[in-house]
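Colleague:
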Amino acid sequence: MKATATHGEPPRVKVTVIGAGVAGLTCAVELAERGVDVEVLERSRSLGESACSWQAGGMLAPWCERESAEPLVAQLGQEAIGWWVDKFPGTVRNGTLVLAHGRDVAELSEFAARTERFERIGRERIAELEPDLAERFSQALYFPTEAHLDPRAALAALVDRAVDLGARVRFGVNGSTGVIRELQSAGRTVVNCTGLGAREELADLRGVKGEMVVVRIRELSLKRPVRVLHARLPLYVVPREDGLFMVGATMLESDDAGRVSVRSVLELLTAVYALNPMFGEAEVVEIGSGVRPAFLDNLPRIRWREGLLHVNGFFRHGFLLAPALARRVADVLLADARFPEVMDEDHRERRRA
Ligand SMILES: Cc1cc2nc3c(=O)[nH]c(=O)nc-3n(C[C@H](O)[C@H](O)[C@H](O)COP(=O)(O)OP(=O)(O)OC[C@H]3O[C@@H](n4cnc5c(N)ncnc54)[C@H](O)[C@@H]3O)c2cc1C
């Protein structure tokens, strides 16, 4: 990688990050904090306009996710909460509550058997933690160390932080092949964080669509994300400011982001109504969907390809895992470090060659 040096000063590494989703912005902040000359190019005219990250729930839940994910997800995900607390004051550390309705209560034991770092709690403790769910549930799993954030506010905070550190964030600029070549010949390292936009270069990337609904009801409050287990219709509700709740999310092998089906909306709203019938009075504020970029094993990767460093494949863990990968990207670029757990072996070898 080329770096510039002025008389008496250490050479300054120059990086252009393409894509202002959570992957690109965490890399930008991490690199800028380590003194790198950073520029971010985003093809949309405004933050989040075509980013999967805009649709996310914002759960930072390494131990709940461990139930269905590889151990690496929990291992890397543990780094996220401290990173977000440091960079984004809106990070809420109230844990996660996992519930099941009476007929599904066996699901709780199955969930518990596949993960760790939870407390089994009963009716009284549920009522203490979430008074608006009192009397409705008799058993739950409580994951006290988990956290959540509002993804849209968090992305905006990352842009502000990157800019405060001297980075340039440019919207409405397509990181095309021609632009990338020019950047490289000007001595900049290019980090591609374009999510599904990188599918042509990364043939093993696929889309996993997630549909969600945002509702508002000020008479009801939750302090933490609540997950309701169900064999066919698992649901989560993430509280946000101003009486908003994000209700998610479907998992469909599809990259058709624009379409949200009646069935999905019905299922999400039926499940949230069953959590507390007061949700029946809520206002529907938004119906949306995003396509999660994923590799076959649903684990993210840092991968060199044709002179670019790709950071991609975050699947349903962008907010949970991006801080850990951003740190490793900075280590790779600044110290030529190697991280076998997220770096493709072939490409590590290629870079060293
Ligand atoms: C409904 C739903 C709920 C979710 N909930 C959670 C959750 O609770 N916790 C969690 O951790 N994760 C969650 N996720 C997953 C998370 O949203 C994704 O893993 C994450 O958004 C992927 O981020 P990314 O930056 O790789 O991609 P994106 O957010 O899609 O960002 C890519 C950016 O690159 C830009 N781009 C593309 N091509 C170009 C180009 N040529 N030039 C310039 N810019 C370009 C795009 O416009 C976009 O802004 C959820 C996802 C969905 C859909």
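Position in the sequence shown counted from 1, then plus 257, gives you this note's numbering. The beta carbon of each residue, even a glycine, is placed where N, CA and C say it ideally should be.
1) Between A280, S478, V295, which has its C-alpha nearest A308's C-alpha?
2) Express the C-alpha separation of A411 and R425 in angstroms, rounding to a whole number.
3) Closer than 6 Å to a non-hydrogen atom of ligand 1 - does that hold for the CB of P491?
4) So the candidates are L288, T283, T273, R269; which of them puts its Cα closest to the Cα of D588?
5) For the alpha helix (DSSP H) containing G281, name the first residue and the last one.
6) Determine the burial state of A363: buried for a count of at least 16 other Cβ atoms within 10 Å of its Cβ, exposed for fewer.
7) Taking its Cβ as the centre, do 16 or more other Cβ atoms sit within 10 Å of G537, making it buried, or is it exposed?
8) Since P491 is in the alpha helix (DSSP H), which residue starts that stretch and which ends it?
9) Which residue marks the beginning of the alpha helix (DSSP H) containing F576, and which one marks its end?
10) Would a C-beta distance cut-off of 7 Å place P580 and T283 closer than the cut-off?
11) Apart from the five residues just before and just after Y530, which ones in its own chain have a Cβ nearer than 8 Å to its Cβ?
12) If you measure from the CB of M469, is any heavy atom of ligand 1 nearer than 6 Å?
13) Which word fits N449, buried or exposed, when buried means at least 16 other C-beta atoms lie within 10 angstroms of its C-beta?
14) Could you give the DSSP three-state label for L453: helix, strand or coil?
15) To the nearest angstrom, report how far apart V286 and V342 are at their CA atoms.
16) Any idea what DSSP makes of I474, helix, strand or coil?
17) Between the segment 269-277 and the segment 299-317, do at least 3 Cβ pairs fall closer than 8 Å?
18) On the three-state DSSP scale, how would you describe M316?
19) Ordered along the chain, which non-local residues of its own chain (more than five positions away) have a Cβ less than 8 Å from that of R607?
20) DSSP state of T434, grouped into three classes?
21) Please report the distance separating the alpha-carbon of D417 from that of R409.
22) Using only the heavy atoms of ligand 1, determine whether one of them is closer than 6 Å to the beta carbon of Q441.
23) Can you give the Cα-Cα distance for T611 and E439, rounded to whole angstroms?
24) Would a C-beta distance cut-off of 7 Å place G334 and M503 closer than the cut-off?
25) In or out: E373 buried (at least 16 other Cβ within 10 Å) or exposed?
Modeller: Let's see:
1) Here residue 308 refers to the residue found at position 51 when the sequence shown is read from its first residue. Nearest to A308 by alpha-carbon distance, out of A280, S478, V295, is A280.
2) As a first step, residue 425 must be located in the sequence shown, where it is residue number 168. As a first step, residue 411 must be located in the sequence shown, where it is residue number 154. Spanning the two alpha carbons is a distance of roughly 18 Å.
3) As a first step, residue 491 is located in the sequence shown; it is residue number 234 there, counting from the start. No, ligand 1 has no heavy atom inside 6 Å of this Cβ.
4) Stepping through the sequence shown from its first residue, residue 588 is reached at position 331. Taking the Cα of D588 as reference, the smallest distance to any Cα among L288, T283, T273, R269 is reached at L288.
5) Here residue 281 corresponds to residue number 24 of the sequence shown, with the count starting at 1. For G281, the enclosing alpha helix (DSSP H) has its first and last residue at 279-290.
6) To locate residue 363, count along the sequence shown from 1; it is residue 106. Label assigned to A363: exposed.
7) Here residue 537 is taken as the residue at index 280 of the sequence shown, counted from 1. With fewer than 16 other Cβ atoms within 10 Å, it is exposed.
8) Within the sequence shown, residue 491 is the residue found at index 234, counting from 1. Looking at the DSSP string, P491 is not in any alpha helix (DSSP H), and its letter there is neither H nor E.
9) Counting from 1 along the sequence shown, the entry for residue 576 is found at position 319. Run containing F576: 575-592, per the alpha helix (DSSP H) assignment.
10) The residue given as residue 580 occupies position 323 in the sequence shown. The residue given as residue 283 occupies position 26 in the sequence shown. Going by C-beta atoms, P580 is nearer than 7 Å to T283.
11) Start at 1 with the first residue of the sequence shown, and residue 530 comes out as number 273. Excluding positions up to five away in sequence, the list reads F536, G537.
12) Stepping through the sequence shown from its first residue, residue 469 is reached at position 212. Yes - ligand 1 has a heavy atom lying nearer than 6 Å to the Cβ of M469.
13) For the purposes of this step, residue 449 is taken as the residue at position 192 of the sequence shown. Counting Cβ neighbours within 10 Å, N449 comes out buried, since at least 16 surround it.
14) Taking the first residue of the sequence shown as 1, we reach residue 453 at position 196. Reduced to three states, the DSSP call for L453 is helix.
15) Working through the sequence shown from its first residue, we reach residue 286 at position 29. Working through the sequence shown from its first residue, we reach residue 342 at position 85. Between V286 and V342, the C-alpha separation is close to 14 Å.
16) In the sequence shown, counting from the first residue as 1, residue 474 sits at position 217. Three-state DSSP puts I474 in coil, outside helix and strand.
17) yes
18) Taking the first residue of the sequence shown as position 1, residue 316 is located at position 59. Here M316 sits in strand by DSSP.
19) One-based indexing of the sequence shown puts residue 607 at position 350. Legend: pLDDT at R607 = 46, less than 50; position of this residue unreliable, no value from coordinates given.
20) Walking along the sequence shown from the start, residue 434 turns up at place 177. In the structure shown, T434 sits in a helix (DSSP, three-state: H, G or I).
21) As a first step, residue 417 is located in the sequence shown; it is residue number 160 there, counting from the start. As a first step, residue 409 is located in the sequence shown; it is residue number 152 there, counting from the start. D417 and R409: Cα-Cα distance of roughly 13 Å.
22) Mapped onto the sequence shown, residue 441 falls at position 184. Between ligand 1 and the CB of Q441, the shortest heavy atom gap is not smaller than 6 Å.
23) Residue 611 lies beyond the stretch modelled for the chain, which goes from 258 to 610, so this question has no answer here.
24) On the sequence shown, position 77 is the one that residue 334 refers to. On the sequence shown, position 246 is the one that residue 503 refers to. Not in contact: G334 and M503 (Cβ atoms no closer than 7 Å).
25) Position 116 of the sequence shown, counted from the start, is the residue given in the question as residue 373. E373 should be labelled exposed.
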